[in-house]
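Numbering of the sequence shown is given in this note's numbering, commencing with residue 5 and proceeding in unit increments. Idealized CB from N, CA, C, for every residue including glycine. Worksheet for the structure shown next.
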Amino acid sequence: MPSLTTKSSRSQFVTSRDASACPIPPDDKKDGDIGIVNAEDDFSSAAEKRLLRRLDLRFIPGFILVYTLYFFAAANIGNVRILNADTGDSLLQVLKMMDNQFSLAAISSTVSYALFAIPSNYLLKCMSPQRWLPFIMFGWGATEMIMAISQNYSTLLGLRFLLGVFQAGLVPGMTYTFTIWYRLRERGVRQSLILATGPLGSAFGGVIAYAVGSLGLEAWRWLFIIEGAPPCLSLLTLLPRESRVVIPR
């Protein structure tokens, strides 16, 4: 019997009803032939488009938001350096940090990002994206919020390092998720759209920092809290776990 090869999780969504929508062409059938429907190649056009729309609605807006929040976290360290500097309440002034200490704190997340990228990818495969991605998002959001109570340079340095540990798995995790749910020819445009929106996080981060600056003294603490809270909400459902989430039966 011919074997049916599947290349993505979408194959599991082909039911008997879907199969009847894409029968073997009449010219190729003979009396007594048994039609074999390949879940990868013989998806009906209507079912294919319906599935893609549902996948796009499920993934694209959420990943755009996640990637924007990722850039918020990357850019806010620069914003807090100058926030309320004119009143003597900037991060450097409150924590009594030197410029070289601030630079080390700023790059510490990059160092941990590079060190933990591979281990994070391994854990991603062990735990699955729908569990690992919400976990690391919650981790980096909570880390940002804890930065708001930093009282010295050492605390900030350690938290920035921990931030990079959590963020190391985001982009590989999103890419891995696309390989599961989309075919190769369908990934390029969608991933490019998500990656193109990331720098907007840096731009809007500056606007948010300016607005937070009017909240009062030591506004940098408010900035860490405000930009760290949204990723913590990722413990809510982010990725589909079952076929019925994507296609109603």
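- Remark: C-beta atoms of Met151 and Pro235 do not approach each other more closely than 8 Å.
- Assignment of Asn156 by DSSP, reduced to helix, strand and coil, places it in the coil class.
- Counting along the chain, Ala51 sits inside the alpha helix (DSSP H) bounded by residues Ser49 to Ile86.
- Assigned with DSSP and collapsed to three states, Arg187 falls in coil, not helix or strand.
- Sequence-distant partners of Gly232 (beyond 5 residues in either direction) whose C-beta falls short of 6 Å from its own C-beta, in its chain, are Gly145, Glu148 and Met149.
- Cβ neighbours of Arg225 within its own chain (closer than 6 Å, five residues either side excluded): Ala152.
- With the rule of 3 Cβ pairs closer than 8 Å, the stretch 58-72 counts as touching the stretch 191-205.
- A direct Cα-to-Cα measurement between Trp136 and Ser158 gives close to 28 Å.
- Take the alpha-carbon of Leu56 and the one of Thr183: they are about 14 Å apart.
- Taken atom to atom, the span from the alpha-carbon of Leu96 to that of Leu188 is near 47 Å.
- Our two residues, Ser132 and Trp185, have alpha carbons roughly 13 Å apart in a direct line.
- Collapsing the DSSP output to three states places Lys129 in a helix.
- By the neighbour-count criterion, in which a residue is buried when 16 or more other Cβ atoms sit within 10 angstroms of its Cβ, Gly210 is exposed.
- For Val169, the closest alpha carbon among the candidates Ser154, Tyr117 and Arg58 is that of Tyr117.
- In this structure, Leu160 places its C-beta atom within 8 Å of the C-beta atom of Ala109.
- By alpha-carbon distance to Ser196, the top candidate from Thr114, Leu119 and Ile64 is Ile64.
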